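Heads up: the sequence shown runs through residues 219 to 437, numbered per our numbering.
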Amino acid sequence: MNTFTSNSTSIDTIAAADSNHANHDRAASLKQATSRAHEALDADIMRFDPFGSAQRYGCFLQMQYAFHRDVAALFEDAALNRFFPRLRERSRLTQVIADLQDVGVPLPELPAPVFSAGSFSLPAAIGWLYVEEGSNLGGAFLYKMAARLGLHCNHGARHLAPHPEGRAPNWRGFVAQLNAIALDASAEAQVIEAAGDAFARVSSHVRQFCRVPSAGMAA
Numbered sequence: 219m220n221t222f223t224s225n226s227t228s229i230d231t232i233a234a235a236d237s238n239h240a241n242h243d244r245a246a247s248l249k250q251a252t253s254r255a256h257e258a259l260d261a262d263i264m265r266f267d268p269f270g271s272a273q274r275y276g277c278f279l280q281m282q283y284a285f286h287r288d289v290a291a292l293f294e295d296a297a298l299n300r301f302f303p304r305l306r307e308r309s310r311l312t313q314v315i316a317d318l319q320d321v322g323v324p325l326p327e328l329p330a331p332v333f334s335a336g337s338f339s340l341p342a343a344i345g346w347l348y349v350e351e352g353s354n355l356g357g358a359f360l361y362k363m364a365a366r367l368g369l370h371c372n373h374g375a376r377h378l379a380p381h382p383e384g385r386a387p388n389w390r391g392f393v394a395q396l397n398a399i400a401l402d403a404s405a406e407a408q409v410i411e412a413a414g415d416a417f418a419r420v421s422s423h424v425r426q427f428c429r430v431p432s433a434g435m436a437a
């Protein structure tokens with residue numbers, strides 16, 4: 219996985235898009251490039267059956283905490299908040315922590331997160347934010363499943379709850395911001411690579427926290 223330091227395209231050296239960039243659908247390109255990784259990740263999570271029991275849901279929350287902790291620094295970055303207005307409000311780490319507290323599951327002990335303040339490039343941030351925000355869009359099904367365990371937006375499933383504006387309008391707003399950033403071909407390739415790295419990172423967290431029990435072993 220890349221370290222995403224200033225050796226890559228810098229946030230401060232890329233300007234916002236001009237009119238010649240207006241028709242670039244970066245989100246569609248990312249969806250196509252990461253479709254296999256996305257499908258594999260979804261299959262791994264569903265195989266674990268995270269809503270099959272309270273214990274399994276706790277493991278799922280620890281996985282979510284690990285990933286949202288990885289990307290937390292992106293949401294606080296001032297430069298990124300210029301490219302993505304109100305980005306800070308999109309962070310779900312606080313909600314995941316509250317959900318863990320609701321169900322009585324401790325925060326896992328983890329190594330340093332992927333990102334820290336100023337340790338990333340704009341292309342890397344775009345790729346990882348695409349994966350993080352996309353998970354919110356796909357959370358509608360998971361939120362309905364969480365209700366089977368008696369969980370909801372005020373207890374245990376805060377991070378899965380829809381945005382006040384609605385999932386679809388919230389996603390469209392993010393995509394508009396995502397597509398409005400002008401990058402050259404090299405930086406676009408870095409975006410695709412970063413999104414792949416993000417899916418790989420989530421998959422590693424799934425393997426760590428959401429292992430499917432062996433046959434005959436209690437869930």
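Cβ coordinates follow ideal geometry from the N, Cα and C atoms, glycine included.
Remember, it's a predicted structure, so these values are computed and weren't measured experimentally.
Status (buried if at least 16 other CB within 10 Å, exposed otherwise) for T231: Sequence index remark: in the sequence shown, residue 231 carries index 13 (1-based). Confidence at T231 is low in this model, with a pLDDT of 47, below 50, so the placement of that residue is unreliable and no value is reported for it.
Cβ shell of G434 (< 7 Å), same chain only, five flanking positions each side left out: On the sequence shown, position 216 is the one that residue 434 refers to. With a pLDDT of 47 at G434, under the threshold of 50, the predicted position of this residue should be treated as unreliable, and no value is reported.
Candidates L292, L355, V332 and L369: closest to A316 by CA position: Within the sequence shown, numbered from 1, the residue matching residue 316 stands at position 98. Comparing Cα positions, the closest option is L369.
Alpha-carbon to alpha-carbon, I399 and D236: Indexing the sequence shown from 1 puts residue 236 at position 18. Indexing the sequence shown from 1 puts residue 399 at position 181. At D236 the pLDDT is 45, less than 50, meaning the model places this residue with poor confidence; the figure from the coordinates comes in the next sentence. Rounded to the nearest angstrom, the two C-alpha atoms are 8 Å apart.
Every unbroken beta strand (DSSP E) within the segment 283-353, with a cutoff of 3 residues, ordered by chain: DSSP runs (the beta strand (DSSP E)) wholly in the segment 283-353: none.
Host alpha helix (DSSP H) of I410 (start-end): Counted from its first residue, the sequence shown places residue 410 at position 192. Unbroken alpha helix (DSSP H) run through I410: A403 to F427.
Inter-residue spacing [alpha-carbon to alpha-carbon] between S311 and V409: As a first step, residue 311 is located in the sequence shown; it is residue number 93 there, counting from the start. As a first step, residue 409 is located in the sequence shown; it is residue number 191 there, counting from the start. Per the sequence shown, residue 311 should be read as Leu rather than Ser. If I take the Cα positions, the gap works out to 23 Å.
8 Å CB neighbourhood of R385 in its chain, flanking five on each side removed: Start at 1 with the first residue of the sequence shown, and residue 385 comes out as number 167. In the same chain as R385, and ignoring 5 residues on each side of it, the C-beta atoms closer than 8 Å to its own belong to N354, L355, G357 and A358, in chain order.
Residues near L259 by beta carbon distance below 8 Å, same chain, minus five either side: For the purposes of this step, residue 259 is taken as the residue at position 41 of the sequence shown. So the list reads F417, V420, S421 and V424, once near-sequence residues are dropped.
8 Å Cβ cutoff met for V314 and G276: The residue given as residue 314 occupies position 96 in the sequence shown. The residue given as residue 276 occupies position 58 in the sequence shown. Against a cut-off of 8 Å, the Cβ pair of G276 and V314 comes out as no contact.
Helix, strand or coil at G374 according to DSSP, with G and I counted as helix: If you number the sequence shown from 1, residue 374 lands on position 156. In this structure, G374 counts as strand in the three-state DSSP scheme.
L360 - containing alpha helix (DSSP H), residue span: As a working note, residue 360 is residue 142 in the sequence shown. Residue range G357 to A364 is occupied by the alpha helix (DSSP H) that includes L360.
At least 3 beta-carbon pairs within less than 8 Å: the segment 295-306 vs the segment 332-345: Counting Cβ pairs under 8 Å, three or more are found: they touch.
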